[in-house]
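All letters in the sequence shown, in the order written, are residues -25 to -1, 1 to 164 by mature numbering (1 follows the signal peptide of the UniProt record, and there is no 0).
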Amino acid sequence: MNTITRSLVLAALAVASACSFQARATLQPGDPAPDFTAPAWLAGEPFEYSLTKALRDGPVVLYFFPAANTPGCNIEASLFSQAVDDFRARGVSVIGVTAGNTDQLRAFSADKATCAGKFPVAADPGAKIAADYAAVLDRKPEMSSRTSYLIGQDGRVLAVHSDMNPAQHVKRMLESVPGAGADRSASGD
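So, in structure tokens, the structure goes:
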């Protein structure tokens, strides 16, 4: 390999490494989902979210996102709000959790362009909940990664999708709902 080619390969690897901010989700289908409670907002109204209480009503999609009111997170919240009726029809609730811009979650939860008041978002200062779910950024462990989990009513992970691109999270979670015609142990990167 000549010097120019080697330099190009090393530069490409450096760029790929720099763009790889996300940790791999270590919770896998079958693993117990860590329980948590957190301050949350639904349509701008504050309440205390409890995973245990939510699971009493059925499976939960728990999706972590880096920060409210940022381009990718706005897209993801909008996609979840558009699909929330599809999740509800399957008996599944949705909760978004973030460590970023938590002071903006009240407005974010009600904003017609993001959550549209259709599902709650919870604050995770210091990304403690995200850390329990191995959903933190490699280079910024105080921030949530973009990782979605489908948690069964028994409190076990049914599916996980971890990708900084928000485009496939809703689709992957819907496909993973038991009885939705998809592999129950679907896992994505």
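Ideal Cβ positions, reconstructed from N, Cα and C, are used throughout, including at glycine.
Quick one: residues in its chain with C-beta nearer than 7 angstroms to the C-beta of GLN128, no 5 flanking neighbours on either side, listed in chain order? LEU30, GLY33 and PRO34
What beta strand (DSSP E) runs, 3 residues minimum, are completely inside the region 54 to 128? 68 to 73, 96 to 98 and 122 to 126
My output table needs one value for THR45: the three-state DSSP class, helix, strand or coil. coil
Please look up how many angstroms separate the CB atoms of ASN76 and ASN44, rounded, as I've assumed it's under 8 angstroms. 6 angstroms
Output the distance between the C-alpha atoms of THR122 and PRO21, rounded to the nearest integer angstrom. 24 angstroms
Distance between PRO95 and LEU37 (C-alpha atoms, nearest Å): 10 angstroms
Which residues share a DSSP beta bridge with VAL35? SER68 and ILE126
Measure the alpha-carbon distance for residue 250 versus ASP113 and round it to whole angstroms. There is simply no residue 250 to check, as the chain begins at -25 and stops at 164 in what is shown.
Taking C-alpha atoms, which residue in LYS28, PHE11, PRO41 and GLU117 lies nearest to SER137? PRO41
Excluding the 5 residues preceding and the 5 following ASP99 in the sequence, name in chain order all residues of the same chain whose CB lies nearer than 7 angstroms to its CB. ALA13, VAL72, THR73, ALA74, ALA105 and SER119
Should ARG147 go down as buried or exposed, given a rule of 16 or more other Cβ atoms within 10 Å for buried? buried
For LEU17, the three-state DSSP class (helix, strand or coil): strand
According to DSSP, is LEU133 helix, strand or coil? strand
Residues near HIS144 in its chain [Cβ-Cβ closer than 8 angstroms; skip 5 each side]: TYR38, GLU51, LEU54, PHE55, ARG121, SER123, HIS136 and ASP138
Hey, how far is the Cα of GLY101 from the Cα of GLY154? 36 angstroms
Give the single residue among GLY92, PRO116 and LEU26 whose Cα lies nearest to the Cα of ILE126. LEU26
Quick check on PRO153: does DSSP put it in helix, strand or coil? coil
Give a yes or no on whether the C-beta atoms belonging to ALA88 and ALA15 are separated by under 8 angstroms. no
Length of the line joining the Cα atoms of ALA91 and VAL132: 27 angstroms
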